[in-house]
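A.B. asks:
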Amino acid sequence: PGRETLFALYQNQPNPFDGETMIGFNLPEAAQATLTITDVDGKLLRIVRLDGVQGYNAVVISRNDLPAGVLRYTLQAGEHIATRQMILVE
Numbered sequence: 189p190g191r192e193t194l195f196a197l198y199q200n201q202p203n204p205f206d207g208e209t210m211i212g213f214n215l216p217e218a219a220q221a222t223l224t225i226t227d228v229d230g231k232l233l234r235i236v237r238l239d240g241v242q243g244y245n246a247v248v249i250s251r252n253d254l255p256a257g258v259l260r261y262t263l264q265a266g267e268h269i270a271t272r273q274m275i276l277v278e
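189 is the number of the first residue of the sequence shown in this note's numbering; add one for each residue after it.
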């Protein structure tokens, strides 16, 4: 019993960012999660796979080779999927 944890993908912090940013998400149960980052045209830029725990998780993304501009990030865990946008500045 207790409060059910819902699937949620949160806005990255900080946003816009120039060095690194943190993306937080909630999982209803522990699961393998895949975070993909694409540009607005859908070109795949990065894939991060992680073992998510039930409840709150966070992953830090560093700019490395990511291009400046509007990027999309999508989290998939089990049948759950969500997408948000973030802005990377020069």
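By construction, the Cβ of each residue, glycine as well, lies at the ideal position given by its N, Cα and C atoms.
1. Using only the alpha-carbon positions, how far apart do L238 and Q220 sit?
2. Any chance the region 191-200 sits against the region 229-238, with 3 or more Cβ pairs inside 8 Å?
3. Just the C-alpha distance for D264 and V258, rounded to the nearest angstrom, thanks.
4. For P216, collect the residues of the same chain with a Cβ closer than 8 Å to its Cβ; drop the 5 residues on either side in sequence, then sort them by chain order.
5. Check the C-beta distance from L223 over to V248 and give it rounded, since I have them as a contact under 8 Å.
6. Using DSSP with H/G/I as helix, E/B as strand and the rest coil, what is G230?
C.D. replies: Put simply:
1. 6 Å
2. no
3. As written in the sequence, residue 264 is Gln, which differs from the Asp given in the question. Rounded to the nearest angstrom, the two C-alpha atoms are 20 Å apart.
4. E192, T193, L194, F195, Q242, H268
5. Between L223 and V248, the beta carbon gap of about 11 Å keeps them out of contact (Cβ cut-off 8 Å).
6. coil
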